[in-house]
Amino acid sequence: MSEPTIHQNKPIICFVEGTIGAGKSTFIKQLQKYHLNAQFFQEPVAEWQNTKDGNGKNVLSYFYEDMAKYCYMFQSYAFITRISQLDDLDLESKDIIFIERSIFSDRNVFAETCFETGLLNEIEWITYNTWFYNMLPKYQHIFDNAYFIYLQVSPETAMERINKRSRSEENKISIDYLKTLHQKHESWLGNKESHKDTLKQNMHILIDAEKDLTQDEEFKQALEQINIHIHSNK
Numbered sequence: 024m025s026e027p028t029i030h031q032n033k034p035i036i037c038f039v040e041g042t043i044g045a046g047k048s049t050f051i052k053q054l055q056k057y058h059l060n061a062q063f064f065q066e067p068v069a070e071w072q073n074t075k076d077g078n079g080k081n082v083l084s085y086f087y088e089d090m091a092k093y094c095y096m097f098q099s100y101a102f103i104t105r106i107s108q109l110d111d112l113d114l115e116s117k118d119i120i121f122i123e124r125s126i127f128s129d130r131n132v133f134a135e136t137c138f139e140t141g142l143l144n145e146i147e148w149i150t151y152n153t154w155f156y157n158m159l160p161k162y163q164h165i166f167d168n169a170y171f172i173y174l175q176v177s178p179e180t181a182m183e184r185i186n187k188r189s190r191s192e193e194n195k196i197s198i199d200y201l202k203t204l205h206q207k208h209e210s211w212l213g214n215k216e217s218h219k220d221t222l223k224q225n226m227h228i229l230i231d232a233e234k235d236l237t238q239d240e241e242f243k244q245a246l247e248q249i250n251i252h253i254h255s256n257k
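Residue numbers (our numbering): 24 to 257.
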């Protein structure tokens, strides 16, 4: 198999989506091994971990330790940090840009789950959606032709990977929470018939992330799948 390449009109923007533990960060690190004229953005977890109060406790820890109390705070901050990444996109000189998660997964998966489970109350949900939809038009030029790469993985596999990487902030994540997130991702990205209208037809790419994508052959097959899909949409 020849080494896959991705070329198209500048720039192609790809959001790498998936549940907690799907392997998104690892997938983007694998992409960086290829000498593409590309820009890469990891999820701003480091920023969440480094934003601390006077006691040294970060926003991610606050959220996972008391979701009901700190849900609105964290969802708001997550949105702000993702918007900040969009402001840093190189839309002039790059062929392709890969970004770990989008503001749509924030809203359609995480914030919506928080509202449906009572972690966000009604007025918080109304407020969240107000500034979400007010901000969206300012970045619509980015999303209009973006691709959404969905790393599809079972909640059980995701739980195994979370336990293996042992982030201290994630030790309270339950399998039930992962099952809920999985259902939300499936509703949004799992098939062409069910995806929400934030996506245009044929702009999402489903990758089997049950496979070990750290293995070169598995990764090259996934990259080739992405390449073929993008070129078929010319």
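Even glycine gets a Cβ: it sits at the ideal position worked out from N, Cα and C. All figures in this text were calculated on a predicted structure; none of them were measured in a lab.
Put simply, the backbone Cα of residue 75 is about 44 angstroms away from that of residue 256. For residue 138, the enclosing alpha helix (DSSP H) has its first and last residue at 135-139.
A buried status is given to residue 85, since no fewer than 16 other beta-carbon atoms sit within 10 Å of its beta-carbon.
Residue 98 holds the alpha-carbon nearest to the alpha-carbon of residue 135 among 189, 121, 98, 105. Per DSSP, residue 146 is one residue of the alpha helix (DSSP H) stretching across 145-158. By the neighbour-count criterion, in which 16 or more other beta carbons inside 10 Å mark a residue as buried, residue 226 falls on the buried side. The beta carbon of residue 73 sits closer than 8 angstroms to those of 81, all from its chain and outside the five residues before and after it, given in chain order. Counting every other CB atom within 10 Å of its CB across the protein chains shown gives residue 128 a total of 16 or more, marking it as buried. CA-CA distance, residue 122 to residue 38, rounds to 5 angstroms.
If you compare the alpha carbons of 252, 191, 171 with that of residue 212, the shortest gap goes to 171.
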